[in-house]
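S.K.: Each residue of the sequence shown is one higher than the last, beginning at 0 in numbering that gives the first Met the number 0. In this text, a Cβ means the ideal position worked out from N, Cα and C, and glycines have one as well. In this text, all values refer to a predicted model and were calculated from it rather than measured experimentally. Below you'll find the structure I mean.
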Amino acid sequence: MSGNILINEIFGQFQKSLDQEAELRESIRNISKEVDQLSREILTVLQVIHHDESGINPACLKARELFERARIGYGRLKEAVPSTDYYKYHDHWRMMTQRYAFLISLTIWLEAGILAAHDTVADVLGISAVEQQEGFHLDIEDYLVGLLMLCSELSRLAVNSVTRGDYSRPLQISKFVMELNAGFR
């Protein structure tokens, strides 16, 4: 009889631990979902670049406002995720973070014509750029995938710019993408 009680006690502890982890995972999933929704809103705002040259600056300003809200969301994620479990839950925000790296890089390119550094993207999101032993950070792979997404969007912008009669922007894009390509080699 006492062996059965011991077994129930041990498995009861396991169940309690599993329940706590399920709650944490659900909390992380909900926060990630909210922050991801913001990224989709930013993407929609920035689509104006493909059909209205005069809408680029207002779109960048609106994107910056939304990045501030995303920063708050990333702060909530940073608080929710145990510092030692970053990679355990990384799949919840990986694609979303790649999209943010792309959107921030696109916004900075539209504003200044330059590449957004890894540190800059992390700073906009309010997270560390340095991969530490522990803690929430902008994974270098997520940043690089975001840059690849940037190249695709700029290629699309080049075609749409020519359609609008802007022949200088494709040259600017070509130079930038060639330099970025050289950086990947």
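(1) Determine whether the beta carbon atoms of Ala69 and Leu37 lie at a separation below 7 Å.
(2) Can you check whether the CB of Cys59 is closer than 7 Å to the CB of Leu109?
(3) Please state whether DSSP places His136 in a helix, a strand or coil.
(4) Thinking Ala100 and Tyr142 are a contact (beta carbons under 8 Å), I'd like their distance in whole angstroms, please.
(5) Go ahead and label Phe135 buried or exposed: buried means 16 or more other beta carbons lie within 10 angstroms of its beta carbon, across all protein chains shown.
(6) Tell me whether the region 26 to 40 and the region 92 to 106 touch, counting them as touching only if at least three CB pairs, one residue from each stretch, are closer than 8 Å.
(7) Excluding five sequence neighbours on each side, which residues of the same chain lie with their C-beta closer than 6 Å to the C-beta of Tyr166?
(8) Could you tell me whether the Cβ atoms of Ile103 and Leu65 are closer together than 7 Å?
(9) Go ahead and label Ala115 buried or exposed: buried means 16 or more other beta carbons lie within 10 angstroms of its beta carbon, across all protein chains shown.
(10) To the nearest angstrom, how far is it from the Cα of Lys87 to the Cα of Pro81?
(11) So if DSSP puts Ser127 in a beta bridge, which residue, or which two residues, is it bridged to?
(12) Could you say if the region 156 to 165 and the region 44 to 56 meet the contact criterion of at least three C-beta pairs nearer than 8 Å?
(13) Taking just the CA atoms, how far does Asp118 sit from Gln171?
(14) I'd like the ranges of any alpha helix (DSSP H) spanning at least 4 consecutive residues and lying wholly in the region 17 to 89.
(15) Determine, using beta carbons only, whether Val47 and Lys61 come nearer to each other than 7 Å.
(16) Under the three-state reduction of DSSP, which class applies to Trp108: helix, strand or coil?
M.R.: Reading from the atomic positions:
(1) Mapped onto the sequence shown, residue 69 falls at position 70. Mapped onto the sequence shown, residue 37 falls at position 38. Closer than 7 Å, so yes.
(2) In the sequence shown, counting from the first residue as 1, residue 109 sits at position 110. In the sequence shown, counting from the first residue as 1, residue 59 sits at position 60. Yes, the Cβ-Cβ distance between Leu109 and Cys59 is below 7 Å.
(3) Indexing the sequence shown from 1 puts residue 136 at position 137. His136 falls in the strand class under three-state DSSP.
(4) Taking the first residue of the sequence shown as 1, we reach residue 100 at position 101. Taking the first residue of the sequence shown as 1, we reach residue 142 at position 143. With 8 Å as the limit, Ala100 and Tyr142 qualify as a contact, their Cβ atoms being about 5 Å apart.
(5) Looking up residue 135 in the sequence shown gives position 136. Classification of Phe135: buried, given that the 10 Å Cβ count is 16 or more.
(6) Yes, the region 26 to 40 touches the region 92 to 106.
(7) In the sequence shown, residue 166 corresponds to position 167, counting from 1. For Tyr166, same chain residues with a beta-carbon under 6 Å away, outside a window of 5 residues either side, do not exist.
(8) Taking the sequence shown and counting its residues from 1, one reaches residue 103 at position 104. Taking the sequence shown and counting its residues from 1, one reaches residue 65 at position 66. For the 7 Å CB-CB criterion, Ile103 and Leu65 do not form a contact.
(9) As a first step, residue 115 is located in the sequence shown; it is residue number 116 there, counting from the start. Residue burial annotation: Ala115 is buried, with at least 16 other C-beta atoms found within 10 angstroms of its C-beta.
(10) Looking up residue 87 in the sequence shown gives position 88. Looking up residue 81 in the sequence shown gives position 82. So the alpha carbons of these two residues sit roughly 10 Å apart.
(11) As a first step, residue 127 must be located in the sequence shown, where it is residue number 128. In the DSSP output, where bridge partners are listed per residue, Ser127 has His136.
(12) Result yes; three or more Cβ-Cβ pairs closer than 8 Å.
(13) In the sequence shown, counting from the first residue as 1, residue 171 sits at position 172. In the sequence shown, counting from the first residue as 1, residue 118 sits at position 119. Cα to Cα, the separation comes out at about 24 Å.
(14) The alpha helix (DSSP H) runs of length 4 or more contained entirely in the region 17 to 89 are, from start to end of the chain, 55 to 79, 85 to 88.
(15) Here residue 47 refers to the residue found at position 48 of the sequence shown. Here residue 61 refers to the residue found at position 62 of the sequence shown. The answer is no: Cβ separation not under 7 Å.
(16) In the sequence shown, residue 108 corresponds to position 109, counting from 1. In the three-state DSSP reduction, Trp108 falls in the helix class (H, G or I).
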